[in-house]
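Below: the structure, in structure tokens.
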Amino acid sequence: MGKTADLTVVQKTTIDTLHKEGRTQKVIAKEAGCSQSSVSKHINREAKGRKRCGRKNCTSNRDNCTLERIVKQNPFKNVGEIHKEWTAAGVSASRTTTHRHMQDMGFSCRIPCVEPLLNNRRRQKRLAWAKDKKGWTAAEWSKGPRVWKKSGEAQNPRCLRSSVKFPQSVMVWGAMSSAGVGPLCFLRSKVNAAVYQDVLEHFMLPAADQLYGDADFIFQQDLAPAHSAKATSTWFKDHGIPVLNWPANSPDLNPIENLWGIVKRKMRYARPNNAEELKATIRATWALITPEQCHRLIDSMPHRIAAVIQAKGAPTKY
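End of the sequence shown = 318 in the UniProt record's numbering, gap-free, step of one.
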């Protein structure tokens, strides 16, 4: 990293741009991701108008544009496949040269993020939903949605010791609002409409009293079959509880998904031996969630809405 010759095209461009803006070499090095000496050598070389020694480029700008287009059109192909397609276009280059050029363009090989499937129709619905909620303030979200979400603990080696013959898992329901979390409910059977309504009756309603008192609230849930069943809709109407309309496949809009992430990270060093120990660990970890954490998550809703609109309904970083 310390050698100027090791700088990528992206790094060199970053250095040149920031140097023209009058930034210090220390700041430039941090932004470009290289050593300060590399920044200094590159700036001095550019000032003196010298070019680095080494083998002359064997490809033209047109060839490089072709390579960049191939990579962008086929981001899941490996270097060998991209190299084969590039040479098939009439470019004479080795596999190593192909790889180096890809790196110089700023491409790096990473494990792709897994996002819920969002076809064009679902994206449009998400976009319409976000535009409809664009005017909601953080305060409105705070007194509005209370979030319930089913979370099944997967068979995770970090949560179970290898000596357990049949790895345990549990299904748990939890509630949150900007004021904090409600009680957990561990389920023993598959969640259908009847089981879900029982959870609402014996856990959600007490949680509403705990978190909201006599204040009005809007209930938020995803579109799981038990949630969207006609019998469940009737239950909400009979109890006079308004339900927030929600777009499909949108965990990035649901703050409790981030809350479950916090719980899992706090549990990463736990080693429960059985289901009961796992439940106890989850309860203890859930109890550590502070109202401040919940408030920050709910407070992020206007930013999530803006991100969906900017992405035109596509998945966001949340």
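Ideal Cβ placement from N, Cα and C applies to all residues, glycine included. Small disclaimer: the values here were computed from a predicted structure and weren't measured.
Going by CA-CA distance only, name the one from the options that's closest to residue i.
i	options	result
isoleucine 256	Ser178, Glu276, Val27, Ala275	Ser178
asparagine 78	Gly90, Arg62, Thr66, His99	His99
alanine 215	Pro242, Gln197, Lys230	Pro242
isoleucine 262	Phe76, Thr290, Ser250	Thr290
alanine 89	Glu31, Lys30, Ile70	Ile70
arginine 283	Leu244, Ala224, Pro183	Pro183
phenylalanine 217	Gly106, Met176, Val170	Met176
asparagine 64	Asp104, Gly80, Cys34	Asp104
asparagine 249	Lys230, Val181, Asp222	Asp222
cysteine 34	Lys264, Asn44, Gln293, Val10	Val10
glycine 106	Met301, His19, Lys190, Ala32	Ala32
alanine 194	Gly213, Leu205, Met204, Trp235	Trp235
proline 302	Glu277, Gly135, Pro251	Gly135
Residues in the same chain with beta-carbon distance under 6 Å from residue i, minus the five sequence neighbours each way, listed in chain order, please.
i	result
arginine 304	Leu253, Tyr318
valine 199	Trp173, Cys185
alanine 307	Thr316
alanine 208	none
asparagine 192	Ala226
leucine 118	Asn249
For a test of the three-state rule: what should DSSP assign to residue i, helix, strand or coil?
i	result
arginine 158	The pLDDT assigned to arginine 158 is 34, lower than 50, so where the model puts this residue is not dependable, and the model offers no usable value.
alanine 208	helix
serine 108	coil
glycine 80	helix
residue 322	It is not possible to answer for residue 322, since the shown part of the chain is limited to 1 through 318.
valine 191	coil
tryptophan 148	The pLDDT assigned to tryptophan 148 is 47, lower than 50, so where the model puts this residue is not dependable, and the model offers no usable value.
methionine 102	helix
phenylalanine 166	The pLDDT assigned to phenylalanine 166 is 32, lower than 50, so where the model puts this residue is not dependable, and the model offers no usable value.
serine 37	helix
cysteine 58	coil
glycine 261	helix
serine 94	coil
alanine 175	strand
phenylalanine 203	helix
glutamate 153	Low local confidence applies: a pLDDT of 36 at glutamate 153 is under 50, so the model's placement there is unreliable, with the coordinate-based value given in what follows. Of the three classes helix, strand and coil, the one that applies to glutamate 153 here is coil, per DSSP.
isoleucine 241	coil
glutamine 310	helix
Who are the near neighbours of residue i in its chain, counting only those whose CB is closer than 7 Å to its CB and skipping five residues on each side?
i	result
glutamine 124	Gly313
histidine 42	Thr4, Leu7, Lys12, Ile15
asparagine 258	Leu297
tyrosine 196	Ala226, His227, Thr232
glutamine 36	Gln25, Lys26, Ala29
serine 40	Gln25
threonine 281	Met267, Ala270, Pro272
serine 189	Val195
glutamate 201	none
Excluding five sequence neighbours on each side, which residues of the same chain lie with their C-beta closer than 8 Å to the C-beta of residue i?
i	result
isoleucine 82	Leu67, Ile70, Val71, Asn74, Thr98, Met102
leucine 18	Val27, Ile28, Glu31, Ala32
Could you tell me how far apart the beta carbons of residue i and residue j are, in whole angstroms, since I believe they sit closer than 8 Å?
i	j	result
arginine 122	proline 247	7 Å
isoleucine 309	alanine 128	With 8 Å as the limit, isoleucine 309 and alanine 128 do not qualify as a contact, their Cβ atoms being about 10 Å apart.
glycine 180	leucine 211	7 Å
Hey, is residue i's beta-carbon within less than 8 Å of any beta-carbon in chain C?
i	result
serine 178	Protein chains in the displayed structure number just one, and chain C is not present.
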